[in-house]
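In this note's numbering, the protein residues as written are 33 to 188. The C-beta atom is built at its ideal place from N, Cα and C for all residues, glycine as well.
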Ligand code: ATP
Ligand code: MG
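Below is the structure:
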């Protein structure tokens, strides 16, 4: 069903507002106003957003910033991005990061909790929507995970 993706980003920011406050992390939502409705499964895309935002919170130190952004890009797609100013991911780990159970630096990850499934689930859901998911990261600078969703559903 067609959904207002900007409203979904506002809602995810609200869902995490207590946790964000506790960690002294600020969140910003950017979405240019006239964004077309996006055909998507709201529960599934909420799960993707929850996974990405919870990662961003886990791996961003106090006083950091998380930015959620939705923009229309070329080729009839909407791009959604979750960007943080956190610890980042080393280059050698980036290519594996969507694999099930893959976690960077067991020691660093262990005391954070989690199983290493969030990103692989996110990728599966985005794939099922005929979209793509990307990650860019720089150690000690931050991480940006973005995914695309086509505006036209195949066969409609
Ligand atoms: P789960 O999501 O199952 O609770 P997890 O968060 O460890 O566990 P993923 O979400 O799949 O698993 O992420 C895999 C690994 O990628 C994480 O363990 C972490 O090392 C790294 N990672 C993911 N997102 C970020 C981020 N925003 N900043 C830094 N590292 C990240
Ligand atoms: Mg996770």
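In this model, residue 162 and residue 103 are separated by some 17 Å (Cα to Cα).
Excluding the 5 residues flanking it on each side, residue 130 has same chain C-beta neighbours closer than 6 Å at 151, 152 and 155, in chain order. Using a Cβ distance threshold of 8 Å, residue 169 and residue 96 do not count as a contacting pair. DSSP places residue 60 in the uninterrupted beta strand (DSSP E) bounded by 58-62.
In the DSSP annotation of this structure, the continuous segment of the alpha helix (DSSP H) that includes residue 150 starts and ends at 150-160. Taken atom to atom, the span from the alpha-carbon of residue 157 to that of residue 80 is near 7 Å. Looking at the backbone, the Cα of residue 48 and that of residue 166 are separated by about 23 Å. When the five nearest sequence neighbours on each side are left out, the beta carbons in the same chain lying within less than 6 Å of the beta carbon of residue 134 are those of 128 and 148, in order along the chain. A residue is called buried when at least 16 other Cβ atoms come within 10 angstroms of its Cβ; residue 75 does not meet this threshold and is exposed. The ligand MG approaches residue 86 closely enough that one of its heavy atoms is under 7 Å from the residue's Cβ.
In the DSSP assignment, residue 177 forms a beta bridge with 114 and 167. Within 7 Å of the C-beta of residue 146 there is at least one heavy atom belonging to the ligand MG. Residue nearest to residue 108 within the set 92, 88 and 71 is 71 (criterion: CA-CA distance).
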